[in-house]
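Peer 1: For the sequence shown, my numbering assigns the number 21 to the initial residue and increments by one for each residue that follows. Don't be surprised by glycine CBs; every beta carbon is placed ideally from N, CA and C. First the structure, then my questions, so here it is.
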Amino acid sequence: MLSQYADEDQQIKGEIDLQVASHVHCPPLDAALSQFHRLYPQVTYDIQVVPSVEILQNVAEGRVSIGVATMQKPHPSLAYHLLSHELMGFFCGPTHPLFGRDKLSSADLRGLDYVAFESDQPKEGLHGIARLRAAREISGNLIAVSPNEEEVLRLILAGVGYGALTLDTATPLLARGQLWQLPPFSELPTIDIHLVTSTQTELGRARQLFVEVLKEETEKFVRKRYFADMPEG
(Lines of atoms letter the chains of each structure in order from A and count residues from 1; the text may use other names and numbers.)
(Lines give C-alpha, C1' and ligand atoms only; values in the text may rest on other atoms or scores of the structure.)
Protein backbone atom coordinates (compact mmCIF):
# COMPACT_ATOMS: atom_id res chain seq x y z
CA MET A 1 0.00 0.00 0.00
CA LEU A 2 2.82 2.40 0.77
CA SER A 3 3.81 2.49 -2.89
CA GLN A 4 0.62 4.36 -3.65
CA TYR A 5 1.75 7.21 -1.39
CA ALA A 6 4.79 7.77 -3.59
CA ASP A 7 2.43 8.70 -6.40
CA GLU A 8 0.83 11.40 -4.27
CA ASP A 9 1.81 15.02 -4.69
CA GLN A 10 5.35 15.23 -3.30
CA GLN A 11 4.72 18.91 -2.58
CA ILE A 12 2.09 18.26 0.09
CA LYS A 13 2.73 20.64 2.97
CA GLY A 14 1.31 21.11 6.41
CA GLU A 15 2.08 20.34 10.03
CA ILE A 16 1.65 17.13 11.98
CA ASP A 17 0.66 18.14 15.52
CA LEU A 18 1.20 15.11 17.69
CA GLN A 19 1.13 14.48 21.43
CA VAL A 20 2.84 11.37 22.82
CA ALA A 21 2.78 9.91 26.32
CA SER A 22 6.16 10.08 28.05
CA HIS A 23 6.69 6.35 28.61
CA VAL A 24 5.75 5.29 25.07
CA HIS A 25 8.17 3.14 23.07
CA CYS A 26 6.42 2.47 19.78
CA PRO A 27 8.33 0.98 16.81
CA PRO A 28 5.43 1.60 14.37
CA LEU A 29 5.48 5.30 15.25
CA ASP A 30 9.24 5.50 14.71
CA ALA A 31 8.91 3.75 11.36
CA ALA A 32 5.99 5.96 10.31
CA LEU A 33 7.90 9.17 11.06
CA SER A 34 10.83 7.96 8.96
CA GLN A 35 8.66 6.76 6.07
CA PHE A 36 6.40 9.80 6.06
CA HIS A 37 9.31 12.24 6.01
CA ARG A 38 10.81 10.37 3.06
CA LEU A 39 7.52 10.57 1.16
CA TYR A 40 6.56 14.13 2.17
CA PRO A 41 9.67 16.13 3.08
CA GLN A 42 7.77 19.43 3.03
CA VAL A 43 5.60 18.49 6.01
CA THR A 44 6.72 19.78 9.43
CA TYR A 45 6.13 18.35 12.91
CA ASP A 46 5.12 19.69 16.30
CA ILE A 47 5.51 16.89 18.85
CA GLN A 48 4.81 17.31 22.54
CA VAL A 49 5.19 14.90 25.46
CA VAL A 50 1.99 14.97 27.54
CA PRO A 51 0.32 12.60 30.06
CA SER A 52 -2.13 10.22 28.41
CA VAL A 53 -5.18 11.58 30.22
CA GLU A 54 -4.41 15.07 28.90
CA ILE A 55 -3.78 13.76 25.39
CA LEU A 56 -7.23 12.18 25.28
CA GLN A 57 -8.82 15.38 26.51
CA ASN A 58 -6.85 17.56 24.10
CA VAL A 59 -7.78 15.44 21.08
CA ALA A 60 -11.44 15.33 22.14
CA GLU A 61 -11.51 19.12 22.52
CA GLY A 62 -9.66 19.80 19.25
CA ARG A 63 -6.48 21.24 20.77
CA VAL A 64 -4.34 18.62 19.03
CA SER A 65 -5.11 16.43 16.03
CA ILE A 66 -3.27 13.17 16.76
CA GLY A 67 -2.34 11.45 20.00
CA VAL A 68 -0.36 8.34 20.94
CA ALA A 69 -1.41 7.30 24.42
CA THR A 70 -2.82 4.72 26.77
CA MET A 71 -6.48 4.76 27.66
CA GLN A 72 -8.72 3.30 30.35
CA LYS A 73 -12.11 3.43 28.65
CA PRO A 74 -13.27 4.66 25.21
CA HIS A 75 -14.36 8.26 24.81
CA PRO A 76 -17.42 8.64 22.55
CA SER A 77 -15.85 11.33 20.36
CA LEU A 78 -12.50 9.59 19.88
CA ALA A 79 -11.30 6.89 17.48
CA TYR A 80 -8.67 4.41 18.68
CA HIS A 81 -6.27 2.19 16.78
CA LEU A 82 -4.03 -0.21 18.70
CA LEU A 83 -0.36 0.38 17.82
CA SER A 84 1.66 -1.77 20.22
CA HIS A 85 2.02 -3.14 23.73
CA GLU A 86 4.54 -2.41 26.46
CA LEU A 87 5.49 -4.53 29.45
CA MET A 88 6.29 -2.76 32.71
CA GLY A 89 8.10 -3.97 35.80
CA PHE A 90 9.45 -2.66 39.09
CA PHE A 91 13.06 -1.47 39.39
CA CYS A 92 15.42 0.17 41.87
CA GLY A 93 18.70 2.05 41.60
CA PRO A 94 22.20 1.22 42.95
CA THR A 95 21.75 2.91 46.36
CA HIS A 96 18.44 1.20 47.12
CA PRO A 97 18.57 -1.43 49.91
CA LEU A 98 17.14 -4.11 47.58
CA PHE A 99 19.68 -3.50 44.79
CA GLY A 100 21.63 -6.64 43.95
CA ARG A 101 19.58 -8.91 46.20
CA ASP A 102 18.37 -12.24 44.86
CA LYS A 103 15.45 -14.42 45.98
CA LEU A 104 13.19 -11.44 46.61
CA SER A 105 9.42 -11.69 46.69
CA SER A 106 6.66 -9.13 46.33
CA ALA A 107 6.42 -9.06 50.12
CA ASP A 108 9.86 -7.44 50.27
CA LEU A 109 8.44 -4.33 48.59
CA ARG A 110 5.76 -3.76 51.21
CA GLY A 111 6.20 -0.59 53.23
CA LEU A 112 8.96 0.81 51.00
CA ASP A 113 9.03 4.26 49.40
CA TYR A 114 8.08 4.21 45.74
CA VAL A 115 7.86 6.70 42.88
CA ALA A 116 5.14 6.65 40.25
CA PHE A 117 3.75 8.12 37.09
CA GLU A 118 0.76 10.40 37.58
CA SER A 119 -1.34 7.93 35.59
CA ASP A 120 -0.32 4.98 37.82
CA GLN A 121 -3.70 4.82 39.56
CA PRO A 122 -7.14 3.30 39.07
CA LYS A 123 -9.09 4.57 36.04
CA GLU A 124 -5.95 6.11 34.49
CA GLY A 125 -3.75 4.96 31.60
CA LEU A 126 -1.25 2.98 33.70
CA HIS A 127 -3.92 1.42 35.89
CA GLY A 128 -2.33 -2.01 35.31
CA ILE A 129 0.49 -1.09 37.68
CA ALA A 130 -1.92 0.00 40.40
CA ARG A 131 -3.90 -3.20 39.87
CA LEU A 132 -0.71 -5.29 40.21
CA ARG A 133 0.19 -3.57 43.49
CA ALA A 134 -3.30 -4.25 44.82
CA ALA A 135 -3.28 -7.90 43.69
CA ARG A 136 0.12 -8.56 45.30
CA GLU A 137 -0.71 -6.42 48.35
CA ILE A 138 2.31 -4.20 47.71
CA SER A 139 1.56 -1.21 49.87
CA GLY A 140 4.07 1.51 50.65
CA ASN A 141 4.80 5.22 50.85
CA LEU A 142 4.27 7.17 47.62
CA ILE A 143 7.26 9.48 47.90
CA ALA A 144 7.28 11.15 44.45
CA VAL A 145 5.08 11.51 41.37
CA SER A 146 5.87 12.72 37.84
CA PRO A 147 4.14 12.56 34.44
CA ASN A 148 7.54 12.25 32.75
CA GLU A 149 9.43 8.98 32.31
CA GLU A 150 12.81 10.70 32.44
CA GLU A 151 12.03 12.14 35.86
CA VAL A 152 10.62 8.86 37.20
CA LEU A 153 13.83 7.19 36.04
CA ARG A 154 15.95 9.94 37.62
CA LEU A 155 14.20 9.43 40.97
CA ILE A 156 14.68 5.66 40.80
CA LEU A 157 18.37 5.96 39.93
CA ALA A 158 18.84 8.48 42.75
CA GLY A 159 17.48 5.98 45.27
CA VAL A 160 14.45 8.06 46.22
CA GLY A 161 12.33 4.94 45.83
CA TYR A 162 11.65 1.98 43.59
CA GLY A 163 9.24 2.40 40.70
CA ALA A 164 7.72 1.05 37.51
CA LEU A 165 9.39 1.45 34.12
CA THR A 166 8.85 -0.08 30.71
CA LEU A 167 11.13 -3.01 29.94
CA ASP A 168 12.32 -1.14 26.84
CA THR A 169 13.60 1.67 29.04
CA ALA A 170 15.02 -0.55 31.76
CA THR A 171 16.78 -3.28 29.74
CA PRO A 172 19.91 -1.33 28.69
CA LEU A 173 20.27 0.11 32.20
CA LEU A 174 19.99 -3.38 33.66
CA ALA A 175 22.80 -4.52 31.37
CA ARG A 176 25.00 -1.65 32.59
CA GLY A 177 24.31 -2.41 36.24
CA GLN A 178 22.42 0.85 36.85
CA LEU A 179 19.07 -0.77 37.64
CA TRP A 180 17.94 -3.91 39.45
CA GLN A 181 14.67 -5.61 38.63
CA LEU A 182 12.34 -6.31 41.51
CA PRO A 183 9.49 -8.83 41.80
CA PRO A 184 7.10 -9.86 40.53
CA PHE A 185 8.88 -11.23 37.46
CA SER A 186 5.87 -12.86 35.79
CA GLU A 187 2.40 -11.70 34.81
CA LEU A 188 3.72 -8.17 34.39
CA PRO A 189 1.23 -5.45 33.46
CA THR A 190 0.82 -4.91 29.73
CA ILE A 191 0.18 -1.36 28.59
CA ASP A 192 -1.70 -0.88 25.31
CA ILE A 193 -0.54 2.02 23.16
CA HIS A 194 -3.21 3.58 20.92
CA LEU A 195 -3.35 6.04 18.06
CA VAL A 196 -6.04 8.53 19.04
CA THR A 197 -7.93 10.85 16.69
CA SER A 198 -11.20 12.74 16.86
CA THR A 199 -14.36 11.51 15.17
CA GLN A 200 -15.72 15.07 15.17
CA THR A 201 -13.12 16.97 13.11
CA GLU A 202 -11.40 16.48 9.77
CA LEU A 203 -7.68 15.84 9.96
CA GLY A 204 -6.65 17.58 6.76
CA ARG A 205 -4.69 16.01 3.94
CA ALA A 206 -1.20 15.79 5.51
CA ARG A 207 -2.46 14.50 8.86
CA GLN A 208 -4.75 11.95 7.23
CA LEU A 209 -1.87 10.64 5.16
CA PHE A 210 0.28 10.39 8.27
CA VAL A 211 -2.41 8.37 10.05
CA GLU A 212 -2.64 6.02 7.06
CA VAL A 213 1.13 5.52 7.03
CA LEU A 214 1.14 4.88 10.79
CA LYS A 215 -1.59 2.26 10.47
CA GLU A 216 0.30 0.62 7.60
CA GLU A 217 3.51 0.49 9.66
CA THR A 218 1.56 -0.99 12.55
CA GLU A 219 0.28 -3.80 10.32
CA LYS A 220 3.83 -4.50 9.13
CA PHE A 221 5.12 -4.52 12.71
CA VAL A 222 2.42 -6.96 13.84
CA ARG A 223 3.05 -9.32 10.90
CA LYS A 224 6.81 -9.29 11.51
CA ARG A 225 6.61 -9.70 15.27
CA TYR A 226 3.80 -12.22 15.63
CA PHE A 227 3.37 -13.99 12.28
CA ALA A 228 6.83 -14.03 10.71
CA ASP A 229 7.18 -17.81 11.08
CA MET A 230 3.72 -18.67 9.82
CA PRO A 231 3.53 -20.20 6.33
CA GLU A 232 1.75 -18.18 3.69
CA GLY A 233 -1.44 -19.59 2.31
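Hey, how far is the Cα of Ser85 from the Cα of Thr189?
Peer 2: One C-alpha to the other measures close to 27 Å.
Peer 1: Which residue spans inside the stretch 123–189 form an unbroken beta strand (DSSP E) run of at least 3?
Peer 2: If we require 3 residues or more, the beta strand (DSSP E) runs fully inside the stretch 123–189 come out as 132–137, 160–166 and 182–186.
Peer 1: Compute the distance between the beta-carbons of Ala8 and Ala89, then report whether it is under 7 Å.
Peer 2: With the chain covering 21 to 253 only, the question about residue 8 has no answer from this structure.
Peer 1: What distance in whole Å lies between the Cβ atoms of Leu98 and Leu76, which are believed to be in contact at a cut-off of 8 Å?
Peer 2: Yes, they are in contact, since the Cβ atoms of Leu76 and Leu98 sit about 7 Å apart, within 8 Å.
Peer 1: Quick one: residues in its chain with C-beta nearer than 8 Å to the C-beta of Leu107, no 5 flanking neighbours on either side, listed in chain order?
Peer 2: Once the five neighbours on either side are set aside, the close Cβ partners of Leu107 are Thr186, Leu187, Leu208, Pro209, Thr210 and Ile211.
Peer 1: Looking only at its own chain, which residues have a Cβ that is under 8 Å from the Cβ of His105, when we skip the five neighbours before and after it?
Peer 2: Thr210, Ile211, Asp212 and Ile213, listed in sequence order.
Peer 1: So, does the stretch 150–158 touch the stretch 167–183, judging by three or more C-beta pairs under 8 Å?
Peer 2: Too few Cβ pairs lie closer than 8 Å, so no.
Peer 1: Just curious, the beta strand (DSSP E) that Ile67 is in, first and last residue?
Peer 2: Taken as a continuous stretch (DSSP letters only), the beta strand (DSSP E) holding Ile67 covers Val63 to Val69.
Peer 1: Strictly under 7 Å for the Cβ-Cβ distance: is Ser97 near chain D by that measure?
Peer 2: Looking for chain D here will not work: only one protein chain is present.
Peer 1: In terms of DSSP beta bridges, what is Val88 paired with?
Peer 2: In the DSSP output, where bridge partners are listed per residue, Val88 has Val40 and Leu215.
Peer 1: Below 7 Å between beta carbons: does that hold for Asn161 and Asp133?
Peer 2: It is a contact, given that the beta carbons lie within the stated cut-off.
Peer 1: What does the alpha-carbon distance come out to for the pair Cys112 and Gln201?
Peer 2: Each residue's Cα considered, the two are about 7 Å apart.
Peer 1: Out of Gly34, His101 and Asn78, state which residue places its alpha-carbon closest to the alpha-carbon of Leu49.
Peer 2: Measuring from the Cα of Leu49, the nearest candidate turns out to be His101.
Peer 1: So, are the CB atoms of Ala195 and Phe110 less than 7 Å apart?
Peer 2: Not a contact, by the Cβ cut-off of 7 Å.
Peer 1: Hey, Tyr60 and Ile32: beta-carbon distance below 7 Å or not?
Peer 2: Cβ atoms of Tyr60 and Ile32: closer than 7 Å.
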